[in-house]
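Engineer: So that we are looking at the same thing, I have put the structure below in structure tokens.
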């Protein structure tokens, strides 16, 4: 007897690996046909009954969960959206989440360049403005996934190297030193952007993605989330009396209240970020006003107090960022090569974020051509960073991809609304500065949950792999371990010695090595991809064990009808920019 769910007449089917005991044939629009498991031999039935203690002749053995190329349980996928009021609230929530990285990156690099609070506020607003533009471009013309394109930690190493360069030693005016170093960063970003655009628009990343399997993708996505662990609890612990309640509040609002309060509308779980920030921010304000930190050391006051950022007083009421606002960019070959290495890492980490976002938006696996298209527009984003002078390049925001999983709202429109918040609040700087003054331990508490969601999206890819294969176990475990171990070694060496383990007379070479090997996701994907393409690749079972056969039908843009629904360009632009 066969149980059949209805599906459209146009179908593309794949059979499950041999390690599943029941077979599922997937069809378009997430429907499938399930066939009954063949009758078990009599000896097996008796063994099952004895193990389960059954006395009715019924078999109680459990079957594995079926493989899903689209994540079930998502309330709104890429193409659907909540009501307009709810979408606006979700968009504002995405804006708050990406604001943390924007403030942290700018607050790190601007003082080293010689800038004060005024310059820091201007760089933050410039980065917000450019992030809004880049997010709109990526969601309209790039991958079309609900991803935020914002500032990146990856570019801090080459930017700090430029800011501390001895070529500025003759400058005594801090403001002039800030502008000179910013111009050098701009020139390096502009050169690096053409490298990224070439990799994307000329299809080089598409070639790489064609050989990409779920087994190689899993370590990439896992360490895209877990690799940022240093921005989680270590930053939260700088003010544990504020950060820890924020973490507890977020978990309570998102995971427990929805089950304690039965409601037809998902409120607390979808807006847990807003509730947690408001409650803990008010609590931190009370601690500051009551004088709890008046006698604390300056480091504690900076982390805990709500009036120490200096952004509100320094920000302009209205200021529109514009290209070359710091002057004409300068170009140095060594700086450009260092930033190109950071752009390469940004490509890899953005790829991991794209995959996580596609899962939480309930989209099908990303075709190689769409991967390449997204990387090309990431290059455009880095070009805009260089033209406007943000001090850092761009990457797909990991924390915002995690927010898709927390809220179960993977709507493209929501992220586009968040981009409008970035544009608006960057121009009206005072309002944006107030929100940017949220204590960073609260932001770190959010990261503890959001980065974890991205890591779990990578773990979900293992459903396509044969975890009973020792080849799979080796590639997965070794790439995860070596990705964390090598990056930890490079980062610790830098903190202890003031320079990386690669310490030659060539500064640009040192920066390239430090940038690449301090990224856990980059190290993991290089190891996993190499091993997956070389280790026992001639064996016939490899393609089934690493899950390649599950992604085979998505290698071509037109092979599955759902692909066009999620990834096609607007206004029928696919006619002029076809995907191969």
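In UniProt numbering, the protein residues as written are 1 to 580.
Each residue gets a CB set at the ideal place from its N, CA and C atoms; glycine is no exception.
A quick note: this is a predicted structure, and the numbers were derived from the prediction, not measured.
1) Look at the alpha carbon of residue 523 and the alpha carbon of residue 516, and state the distance between them as a whole number of angstroms.
2) Could you spell out where the alpha helix (DSSP H) holding residue 394 opens and where it closes?
3) Hey, how far is the Cα of residue 375 from the Cα of residue 200?
4) Can you give the Cα-Cα distance for residue 250 and residue 260, rounded to whole angstroms?
5) Go ahead and label residue 146 buried or exposed: buried means 16 or more other beta carbons lie within 10 angstroms of its beta carbon, across all protein chains shown.
6) Let me know the alpha helix (DSSP H) ranges lying completely inside the segment 486-518, each 4 residues or longer, listed in chain order.
7) Excluding the 5 residues flanking residue 161 on each side, which residues of the same chain have their C-beta closer than 7 Å to its C-beta?
8) Could you spell out the range, first to last residue, of the beta strand (DSSP E) harbouring residue 150?
9) What residues match up with residue 409 in a beta bridge as DSSP calls it?
10) Would residue 442 and residue 281 be called neighbours here (beta carbons separated by less than 8 Å)?
11) Could you check the C-alpha separation between residue 386 and residue 180 for me, to the nearest Å?
12) For the segment 447-460 against the segment 205-221, do three or more pairs of beta-carbon atoms, one drawn from each stretch, fall closer than 8 Å, so that the two count as touching?
13) Quick one: complete beta strand (DSSP E) runs, 3+ long, within the segment 143-195?
14) Looking at the secondary structure, which residues open and close the alpha helix (DSSP H) in which residue 552 lies?
15) Taking residue 430 and residue 315 to be in contact with their CB atoms under 8 Å, please state how far apart those CB atoms are, rounded to whole angstroms.
16) Can you tell which of 244, 365, 126 has the C-alpha that lies nearest to the C-alpha of residue 318?
17) Using a 10 Å radius around the Cβ and a threshold of 16 neighbouring Cβ atoms, would you call residue 294 buried or exposed?
18) Along the chain, where does the alpha helix (DSSP H) that runs through residue 568 open and close?
19) Take residue 174 and list the residues in its own chain whose beta-carbon comes closer than 8 Å to its own, dropping the five residues that flank it on each side.
20) If you draw a straight line from the alpha carbon of residue 256 to that of residue 184, how long is it in whole angstroms?
21) Cα separation between residue 266 and residue 258?
22) So within the segment 239-314, which uninterrupted alpha helix (DSSP H) runs reach at least 4 residues, ignoring any that extend past its ends?
23) My assumption, with CB atoms under 8 Å, is that residue 192 sits in contact with residue 340. Please give the rounded CB distance.
24) Excluding the 5 residues flanking residue 401 on each side, which residues of the same chain have their C-beta closer than 7 Å to its C-beta?
25) Spatial neighbours of residue 493 within its chain, please: CB distance less than 7 Å, with the 5 preceding and 5 following residues excluded, ordered by chain position.
26) Would you call the segment 479-495 and the segment 231-248 touching, i.e. three or more CB-CB distances under 8 Å?
27) Taking the alpha-carbon positions, what's the residue 324 to residue 472 distance?
28) Should residue 395 and residue 437 be called a contact, given that it needs their Cβ atoms to be closer than 8 Å?
29) What alpha helix (DSSP H) runs, 4 residues minimum, are completely inside the segment 337-424?
30) Can you tell me where the alpha helix (DSSP H) holding residue 328 begins and where it ends?
31) Does DSSP put residue 106 in a helix, a strand or coil?
32) Using a 10 Å radius around the Cβ and a threshold of 16 neighbouring Cβ atoms, would you call residue 540 buried or exposed?
33) Count the C-beta pairs between the segment 550-565 and the segment 365-385 that are closer than 8 Å, then say yes if the count reaches three, no if not.
34) Could you tell me the distance, in whole angstroms, from the CA atom of residue 298 to the CA atom of residue 69?
Structural biologist: Reading from the atomic positions:
1) 7 Å
2) Segment 394-396 is the beta strand (DSSP E) holding residue 394; no alpha helix (DSSP H) there.
3) 5 Å
4) 15 Å
5) buried
6) 507-517
7) 338, 507, 511
8) 149-151
9) 76
10) yes
11) 14 Å
12) yes
13) 149-151
14) Premise fails: residue 552 is in no alpha helix (DSSP H) and is neither H nor E.
15) 5 Å
16) 126
17) exposed
18) First-last for residue 568: undefined, no H or E at that position.
19) 114, 115, 116
20) 50 Å
21) 7 Å
22) 240-251, 257-260, 272-289, 298-304, 311-314
23) 5 Å
24) 147, 353, 356, 357, 360, 454
25) 500, 501
26) no
27) 50 Å
28) no
29) 368-388, 398-407
30) Looking at the DSSP string, residue 328 is not in any alpha helix (DSSP H), and its letter there is neither H nor E.
31) helix
32) exposed
33) yes
34) 51 Å
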